[in-house]
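Chemist: Going by our numbering, the sequence shown opens with residue 12, and the numbers climb by one from there.
The C-beta atom is built at its ideal place from N, Cα and C for all residues, glycine as well.
The structure under discussion is supplied below as structure tokens; questions concerning it will follow.
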Amino acid sequence: MRYWVYINGEVPGSYEPEELAAIPGFGDAALVCPASSDLAERRWERAAVYPDITEALRLRAKPPLTPLSAPRATRAEDPVRALSPDDVLNDSSQRIFRHVTELMKELENRREERAITQSLQRKVAELTGELNALRERASYLQGRSDLVPGFQDRERELQEALARARADLHETRAGAERLDADLAKSSNDLLSTRRHLEEAKAEAAEREKHLAQLSKRMAEKEASLAKAFGVIRRLEESLGDLLPSVMVGVERRVPE
């Protein structure tokens with residue numbers, strides 16, 4: 012698996028674990044990231060986290076076995092040694108590698124810039140939407156604020172009407188209390204009048220009863236008097252028949 016590497020303040024490219032181990036200055040503490048991960052999900056970890064990189068570093072650290080018969084190379088021959096095709100190829104490979112590294116770095120920067128640009132574009136779109144919503148809200152509130160003076164006048168009118176209604180209610184309650192007092196007084200007067208009327212009825216009935224008794228007595232007395240007068244008249248008639256001279260000049264006082 013290939014890894015991106017961050018070393019000496021830059022990202023030169025993606026490499027295999029063996030290639031990473033061959034980079035000068037690369038070690039367990041270097042920051043690497045799997046090249047297969049997406050840009051948004053990229054996580055930089057130390058090289059010691061990945062076993063394949065650790066194994067490559069371990070193998071790289073072993074000293075190479077030199078044969079006993081191999082003669083030691085001397086540096087006396089190097090200054091005058093002509094460049095071989097392998098040296099030219101190695102130099103070209105290094106140049107190509109540096110160029111590819113620069114291209115990868117530029118590509119990575121472009122990707123990061125594109126991701127940042129897209130993120131900023133989304134953020135700008137969100138902020139634009141929020142700004143439009145705030146403008147609509149401000150316009151709505153401005154329209155509402157224009158109605159505030161009318162609402163204040165209406166509130167003042169309602170408060171005045173409420174004060175008048177409370178005053179009328181107070182007067183109505185006072186009048187109702189007076190009416191209740193008058194009603195209570197009238198009820199008491201009515202009860203007193205009823206009591207007096209009952210007493211008057213009882214007294215009238217008693218008087219009527221007494222009058223009936225008196226009328227009965229008077230009728231009895233009148234009947235007795237009528238009988239007495241009839242007896243007297245008959246006596247007078249009998250006396251006139253017996254003694255006419257005595258009855259001459261005597262007035263009749265017995266009522267007819």
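1. Out of curiosity, what's the CA-to-CA distance linking Leu190 and Lys196?
2. Quick test of your reading: Leu70 and Trp55, contact by CB under 8 Å. State the CB separation rounded to the nearest angstrom.
3. Measure the Cβ-Cβ separation of Gly36 and Asn19 and say whether it is below 8 Å.
4. Who are the near neighbours of Ala58 in its chain, counting only those whose CB is closer than 6 Å to its CB and skipping five residues on each side?
5. What is the DSSP secondary structure of Leu201, reduced to helix, strand or coil?
6. Using 8 Å for Cβ pairs, my map puts Leu31 next to Tyr14. What's the rounded Cβ distance?
7. Could you check the C-alpha separation between Leu79 and Ala72 for me, to the nearest Å?
8. Compute the beta-carbon to beta-carbon distance between Met12 and Pro45, rounded to the nearest angstrom, for a pair I have assumed lies under 8 Å.
9. Quick one: give me the first and last residue of the alpha helix (DSSP H) that Leu254 is part of.
10. By how many angstroms is the C-alpha of Ala216 removed from the C-alpha of Ala237?
11. Which runs of the beta strand (DSSP E) fall wholly inside the stretch 90-169 and span at least 3 residues, in chain order?
12. Evaluate Gly241 with the Cβ neighbour count: other Cβ atoms within 10 Å of its Cβ, from every protein chain shown; 16 or more gives buried, anything less gives exposed.
13. Would you say Pro23 and Met115 are within 8 Å of each other, going by their C-beta atoms?
14. Apart from the five residues on each side of it in sequence, which residues of its chain come closer than 7 Å, Cβ to Cβ, to Thr139?
15. Using a Cβ-Cβ cut-off of 6 Å (strictly less than) and excluding sequence neighbours within five positions of Leu169, which residues of its own chain qualify?
16. Identify whether Arg53 lies in helix, strand or coil by the three-state DSSP scheme.
17. For Asn199, I'd like the list of residues in its chain whose CB is within less than 7 Å of its CB, leaving aside the five on either flank, ordered along the chain.
18. Given a threshold of 16 other Cβ atoms within 10 Å of its Cβ, counted over all protein chains shown, does Ser25 qualify as buried or as exposed?
19. Which same chain residues, not among the five before or five after Gln105, have their C-beta less than 7 Å away from its C-beta?
Modeler: With the structure as the only source:
1. On the sequence shown, position 179 is the one that residue 190 refers to. On the sequence shown, position 185 is the one that residue 196 refers to. Roughly 10 Å between the two C-alpha positions.
2. In the sequence shown, the residue the question calls residue 70 occupies position 59. In the sequence shown, the residue the question calls residue 55 occupies position 44. Contact flag wrong, Cβ pair sits at about 24 Å.
3. Stepping through the sequence shown from its first residue, residue 36 is reached at position 25. Stepping through the sequence shown from its first residue, residue 19 is reached at position 8. Closer than 8 Å, so yes.
4. As a first step, residue 58 is located in the sequence shown; it is residue number 47 there, counting from the start. Correct list, in chain order: Asp39, Ala41, Val43 and Ile64.
5. Taking the first residue of the sequence shown as position 1, residue 201 is located at position 190. Of the three classes helix, strand and coil, the one that applies to Leu201 here is helix, per DSSP.
6. As a first step, residue 31 is located in the sequence shown; it is residue number 20 there, counting from the start. As a first step, residue 14 is located in the sequence shown; it is residue number 3 there, counting from the start. That belief holds up - the Cβ atoms of Leu31 and Tyr14 are roughly 6 Å apart, short of 8 Å.
7. As a working mapping, residue 79 is identified with position 68 in the sequence shown. As a working mapping, residue 72 is identified with position 61 in the sequence shown. Only weak support exists for where Leu79 lies, its pLDDT of 47 falling under 50; the coordinates are left without a value.
8. As a position in the sequence shown, residue 12 is number 1, starting the count at 1. As a position in the sequence shown, residue 45 is number 34, starting the count at 1. Contact holds; Cβ gap of about 6 Å.
9. Residue numbering aside, residue 254 sits at position 243 when the sequence shown is read from its first letter. Looking at the DSSP string, Leu254 is not in any alpha helix (DSSP H), and its letter there is neither H nor E.
10. Looking up residue 237 in the sequence shown gives position 226. Looking up residue 216 in the sequence shown gives position 205. In this structure, the CA atom of Ala237 is about 30 Å from the CA atom of Ala216.
11. Fully enclosed beta strand (DSSP E) runs of 3 or longer: not present.
12. By one-based count along the sequence shown, residue 241 stands at place 230. Gly241 should be labelled exposed.
13. Locating residue 23 in the sequence shown gives position 12, where the first residue counts as 1. Locating residue 115 in the sequence shown gives position 104, where the first residue counts as 1. Yes; because the gap between Cβ atoms is below 8 Å, this pair is in contact.
14. By one-based count along the sequence shown, residue 139 stands at place 128. For Thr139, there are no CB contacts under 7 Å within the same chain when 5 residues up- and downstream are skipped.
15. Taking the sequence shown and counting its residues from 1, the one referred to as residue 169 is at position 158. Closer than 6 Å at Cβ, skipping near neighbours: no residue.
16. Looking up residue 53 in the sequence shown gives position 42. Arg53: coil per DSSP, three-state reduction.
17. Your numbering for residue 199 matches position 188 in the sequence shown. Closer than 7 Å at the Cβ level, and outside the excluded window around Asn199, lies no residue.
18. Taking the first residue of the sequence shown as position 1, residue 25 is located at position 14. Buried, since its Cβ has 16 or more Cβ neighbours within 10 Å.
19. Taking the sequence shown and counting its residues from 1, one reaches residue 105 at position 94. The answer is none, since no qualifying residue turns up.
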